[in-house]
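Accompanying notes for the structure given below.
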Amino acid sequence: MKIKKACFLIIFLLVFFIVTLASTGPTYAIVNCRIISPPLPIIEKGIIIIRDGLIEAVGVQGKIQIPDDAEVIEAEGLTAYPGLINAHTNLFLEAVPEPTQQPAASQAQAQPERRPVGPNLLVIDQLKPRKTDLDSFHKIGVTTVLVAPQRGIFAGQSVLLNLNGEKIEEMVIKNPVALHVQFITERGGYPNSLMGTMAYLRQSFLDTAHYVEHLIMWKKTPRFLSRPIYNAFFETLGPFVVEKKPIIFTCNNQEDLKRAIRLTQEFKLQAILSGANEAWRVSEELKAARLPLFVSLNFRPPSTSLYANQGEAARRRAEQEIYPANPAELHKSGLTFALTSLGINDASTFQKNIQLAIKAGLPPEIALKALTVYPAQILGLDSFLGTIEAGKIANIVLCRGELFDPKGQVEKVWVDGRLFKIEKTPEAKAPTAFSVAGSWKVTVTSPLGEMEMTMELEQEGSLVRGTLISSYGRWEIRDGLLSGQELSFNISLTMMGQQIEASFQGRVDKEIIEGTIQIPGGTANFQATRIPRAD
Amino acid sequence: MKRFTFFISFLFIFCTSILWSGGNLLLKNGTILTVTKGVIARGDILIIDGLIKQIGENITPPSGVRIIDITGKYVIPGIIDSHTHIALDGTNETGKVITSEVRMRDVLNADDTSIFTALSGGVTTVHTLHGSANPIGGQNITLKLKWGKKAEEMIFHEAWPTLKFALGENVTQANRQLSPGEERRYPASRMGVVAIIRRELERAKNYMAQWDRYNELKRMKILNRPLLAPRKDLQLEALADLLRGKLVARCHSYRADETIEFIELSHEFGFRIACFEHIPEAYKITKELVAERIGISVFMDSWAYKMEAAEGIATMPAYCTQQGVLVSLNSDSNERIRRLFNDAAKAIKYGGLSEDEALKLITLNPAIQLGVDKWVGSIEVGKHADLAVFNEHPLSAYTRCDLTIIEGEVYFDREAYLKEREAAQKVNPKPKTTGGNQ
């Protein structure tokens, strides 16, 4: 039923899309611009006509007539690029607080209604578009995003949006796009370990195939065969397991990539591997597997990495000098991939990381392809998206200077032919020197529910020392570092006879520190507020 | 950037400091403790293609073979840890009581620095297991500690596939700390543990019968009716494999009574127990263990450290060995794993084993328990060249491991490592506080 509804919605949206776009935006003629849209040849002095949300014509200046009704945009000295496609984000999604593990009776009465996580979750139902997000992505030239659900092993199905405003219906390009699977654990119940997650995935795929086989057999010969018991979970998974609709695996580390490859081969799935910020370490396996890749520009080493377990300074260096070279290394080994911002919270870091990847050896042209034509091809949208060609969706970025140059400045962005003017970035202020010394009250939202702790910090330049005190014990803070507003440190704690390394990373904002804690096999959130000094 | 390269070489110690030998190596002038064929006071070991080619005096190597002079040092077979949990991303799946479907193969982590720690103590092979929270845990795996190589390259494929069982306190107390309203997990008693294992094995038998029936019908093709295959259940598949003899049991147990009960269960259902884990009360049932040809993998210390270990004794490993039980010493830890040779030495002091018997506790015996004694566990021509070189006699209290070799490749070289560490520290000085929990 849900599927039918969803299909109906898609058809409805597509029709709606075509009809409404006929009335969007005036006609534009961008003249005298340089046009860079690989793999097409560069046009040094070109013209682009935009009408009804589509690119009506594109070519060399003078060869194409400017329509009478067109608003002429003089773009001398500017460069036009196709709008960038960010193929894996959690944009417009509220960070949902995880439920605490208290029994229902002891929980507060008014629990916000939560849709159960599962393959049938459509992320489109959870979107809360915000203009600030829109602006920040326009500013770096992104016009199209894939929004993926972020909770659960079978997280749900993603949607592809064109960032043309704040109305979801008008933004949708494709819904659903793919099923998202994550190598994470469930809280409380089964599976609560990575090995359990793998077994659970295998069993789910096996059961779905068995269910579909049973159903087909029963439909063919219903006599002398009991009918299969209806199961919504298998009904939803069926098309992905049997009909091979695409599944996007989020791979947090090199082993996850190999896990996804093994599952894909075992069950003959059609998979896209996303995340992959350690992909260069398994480039041989990736080449052999021939699966599309979405490479995240999040350069933080995963918690399993040997770069993450030898102190904060080593981790930081790896983040600054090793992981940014991942896209360049992949390119060198002959792999094609799309670049995404998965795991990066803000657009400006995404932009900075594109620049870092280029600095680490990724040719700018490949970076551009990895954000335009490659994701369009992988998602099967290249007939109408990804390049500046007549007939395609009018997603165009007009930039002063090179798009991926730190000095480049996006001035105008068209999304579905709608013009967005970008305000100039004010000069960056020098970072303020913060002091974190003192006592803090820390609230950790962990898999075991909320936990209160006290934190005592001392600071000496950028080095931070101190202790964390909780009812479970006192832990010394190691590798503490404050760089700008970013605070990071590690602790090691012993629980149930096992030594656990926890790595804290947060942002200091005067009296509040907010951030995440990475522990093997998961993350938690923490917030710290300053305890006023009693005089 | 040059300085940084230096730093990274610290992380990938072997990539820069060790010349890969290609599995061809000559160890010269060492004292060779073969474990099975006595001691050669001053001898050479020639390794070709990762295998021991020749053991003797004054061997002339073929040209191009790397030569390491180990004059004054001692060589033993690479140490084997029959029970540990390193190189994994996770230990227990506690979301269910029976988890025979989970595979440690799925969660290997070649980046675990414990691998390097283990190498520094001469360990070359480990059996890395699911934890002991569940009566039936997961499928374990045996690895060669090839630090710097990919996870897949570390797998010791010839080793027996094993399935973890657990009895006693760890299982019954797996969720002792309950949140308010949470129900305590079954089983919460020793009798419950045996009962649930019996129940699951019965289910596995039924499952096998179901598939047999299906295959028979499919073969006969006499029914003119639709024939649907039974549901494939990974949990029961693993147990069926146990009953078919494709998997062998490794059972965590502490007390003699529950151990005997588990042996009876194996008779009832016809599966093979390779080894009991920890089992401080083994000295009470040596006759049964010998008769059943079941090994034990135990701690040298840690006797009487918890209630069900209360009747543990320091001389247990030695006594059981003398009674004919196949005993190995395990670490069950990513820290104790680097001093298993000290543990072996203790079995001489506490119980009076001979040097060879003591060394077998950490080399040949665990190899037999894992089904790999044909390839590793002693220094013999034709076996894998997995070796550990010590500066003094490995059973001396003052000894340390200087070189660890797997299949003719040096994976740990103390001298080279210390040089690199020194260099790295110049680039990346130690923080003022060294940390650690208090």
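Sequence lines, in order, name chains F and Y. All residue numbers for the first sequence refer to this note's numbering, where the first residue is 1 and numbers rise by one. All residue numbers for the second sequence refer to this note's numbering, where the first residue is 536 and numbers rise by one. Ideal Cβ positions, reconstructed from N, Cα and C, are used throughout, including at glycine. Bear in mind that the values here come from a model prediction, so they are computed numbers and not experimental data.
Using a Cβ distance threshold of 8 Å, alanine 902 (chain Y) and isoleucine 614 (chain Y) do not count as a contacting pair. The CB of phenylalanine 224 (chain F) comes closer than 8 Å to the CB of Arg760 and Pro761 in chain Y, given here in chain order. The alpha carbon of arginine 202 (chain F) has as its nearest neighbour, out of Y:Ile757, Y:Cys936, Y:Gln770 and Y:Arg720, the alpha carbon of Y:Gln770. Using a Cβ-Cβ cut-off of 7 Å, glutamate 628 (chain Y) is close to Pro191, Asn192, Ser193, Met195 and Gly196 of chain F, given in chain order. Three or more Cβ pairs closer than 8 Å define a contact, and the region 329-339 of chain F meets that threshold against the region 347-367 of chain F. Collapsing the DSSP output to three states places glycine 613 (chain Y) in coil. Taking lysine 895 (chain Y) as reference, the option from Y:Leu560, Y:Leu562, Y:Lys563 and Y:Thr571 with the minimal CA-CA separation is Y:Thr571.
Taking 8 Å as the CB threshold, glycine 805 (chain Y) stays off the interface with chain F. For leucine 581 (chain Y), the CB contacts under 7 Å within the same chain, skipping 5 residues up- and downstream, are Leu561, Lys588, Gln589, Ile594 and Pro596 in chain order.
CA-CA distance, alanine 70 (chain F) to lysine 45 (chain F), rounds to 19 Å. Looking from the CA of glutamine 270 (chain F), the closest CA among F:Gly522, F:Leu293, F:Ser462 and F:Ile85 belongs to F:Leu293.
Annotation: the continuous alpha helix (DSSP H) that includes glycine 196 (chain F) extends over 194-220. For a cut-off of 8 Å, the C-beta gap from histidine 662 (chain Y) to serine 617 (chain Y) is around 5 Å, short enough to register as a contact.
For lysine 412 (chain F), the uninterrupted beta strand (DSSP E) run begins and ends at 409-415, by DSSP. The C-beta of alanine 686 (chain Y) comes closer than 8 Å to at least one C-beta of chain F.
A direct Cα-Cα distance of roughly 59 Å separates serine 868 (chain Y) from tryptophan 414 (chain F).
Listed in chain order, the positions of the region 197-208 of chain F with a beta carbon within less than 8 Å of a beta carbon of chain Y are Met198, Ala199, Arg202, Gln203, Leu206 and Asp207.
Contact of methionine 217 (chain F) with chain Y by beta-carbon distance below 7 Å involves Pro761 and Leu763. Per the C-alpha coordinates, the member of Y:Gly673, Y:Val642, Y:Gly727 and Y:Ser655 positioned closest to isoleucine 690 (chain Y) is Y:Val642.
Note that the C-beta distance between leucine 286 (chain F) and leucine 339 (chain F) is not below 8 Å. Within the region 630-644 of chain Y, Gly630, Lys631, Thr634, Glu636, Val637, Arg638, Met639, Asp641, Val642, Leu643 and Asn644 place their CB atoms closer than 8 Å to a CB of chain F, listed in sequence order.
Here proline 39 (chain F) is exposed: its Cβ has fewer than 16 other Cβ atoms, across all protein chains shown, within 10 Å.
DSSP, read as helix, strand or coil, puts proline 228 (chain F) in coil. The beta-carbon of histidine 214 (chain F) is placed less than 8 Å from the nearest beta-carbon of chain Y.
A straight-line Cα-Cα distance of about 13 Å links lysine 139 (chain F) and isoleucine 85 (chain F). Excluding five sequence positions before and after isoleucine 650 (chain Y), the CB atoms of its chain that fall closer than 6 Å to its own CB belong to Ala622, Leu680 and Trp682, given in chain order.
Secondary structure of threonine 821 (chain Y) (DSSP, three-state): helix. Judged by DSSP in its simplified three-state form, alanine 882 (chain Y) adopts helix.
In this model, glutamate 718 (chain Y) and isoleucine 153 (chain F) are separated by some 25 Å (Cα to Cα). The C-beta of glutamate 255 (chain F) comes closer than 8 Å to at least one C-beta of chain Y. Counting only runs that start and end inside the region 711-796 of chain Y, the alpha helix (DSSP H) elements of at least 4 residues fall at 725-755 and 769-779.
Here lysine 631 (chain Y) is buried. Its C-beta has 16 or more other C-beta atoms within 10 Å. Note on phenylalanine 224 (chain F): under 16 other CB atoms within 10 angstroms of its CB, so exposed under the neighbour-count rule. Its Cα nearest to that of threonine 467 (chain F), the residue F:Gly438 stands out among F:Gly461, F:Thr445, F:Glu486 and F:Gly438. The distance from the Cβ of alanine 817 (chain Y) to that of valine 860 (chain Y) is about 7 Å, consistent with a contact at the 8 Å cut-off. Counting along the chain, tyrosine 374 (chain F) sits inside the alpha helix (DSSP H) bounded by residues 373-378.
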